[in-house]
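Following: one structure in structure tokens, then a few remarks.
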Amino acid sequence: FVAAVGPCQRIDGWGLNLSRALGDFHYKARDDLLPEEQKVSAVPDVRCSDITEEDEFLLLACDGVFELHRSQEAVDHVRQRLLEGASAEEAVQSLVDASCSQDLVATQGKGSDNVSAMVVMLR
């Protein structure tokens with residue numbers, strides 16, 4: 148089960164607050180379950196989407212970015228910086244900076260770790 152513990156959701160109400168592909172073998176020890184059925188799985192969620200002429204860039208970001216921003220807000224942030232003339236590197240750095248909390252008490256610990264992102268320009 149997953150339960151809220153402070154600002155985090157934790158496995159078993161006390162353990163990990165994120166799943167990891169490597170290590171944490173005690174969460175992956177049930178012989179009667181396939182790897183993807185274990186409590187913590189190294190099997191990724193994969194989604195395929197067609198890229199169209201309208202798509203400008205691909206934003207890949209760690210969960211820390213989305214603690215303080217909704218997905219669309221993160222995309223809008225990057226797009227706005229690009230429209231202002233920023234490079235992809237500058238735009239993603241701006242997003243990462245905006246994803247780091249300036250006041251961890253106010254954000255209840257959100258925006259304090261796992262903040263990384265990459266922008267892939269498609270045109």
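Residue numbers for the sequence shown follow our numbering, beginning at 148 and rising by one. Glycine included, every Cβ here is placed at the ideal spot set by N, Cα and C.
Residue burial classification, residue i (beta-carbon count within 10 angstroms, cutoff 16)
i, result
"E214", "buried"
"L207", "exposed"
"H224", "buried"
"A151", "exposed"
"L251", "exposed"
"L180", "exposed"
Within 9 Å, strictly: CB atoms of residue i and residue j
i, j, result
"E183", "V190", "yes"
"H216", "A253", "no"
"G211", "D260", "yes"
"V149", "C209", "no"
Own chain partners of residue i with C-beta closer than 6 Å, once the 5 adjacent residues on each side are dropped
i, result
"V239", "A264, V266"
"A235", "V266, M268"
"L205", "V267"
"S241", "R228"
Cβ-based neighbour list, residue i, same chain, cut-off 8 Å, excluding 5 preceding and 5 following
i, result
"E203", "R226, L229, M268, L269, R270"
Under the three-state DSSP convention, the category residue i falls into
i, result
"A264", "strand"
"R157", "strand"
"L251", "coil"
"V212", "helix"
"V301", "Because residue 301 is not part of the residues shown, which for the chain are 148 to 270, the question remains open."
"V149", "strand"
"L229", "helix"
"L205", "strand"
Own chain residues within Cβ distance below 7 Å of residue i, not counting five before or after
i, result
"R177", "Q185"
"K257", "P154, E214, L215, S248"
"E159", "Here residue 159 turns out to be Asp, not Glu, going by the sequence shown. These residues qualify, in order along the chain: F148."
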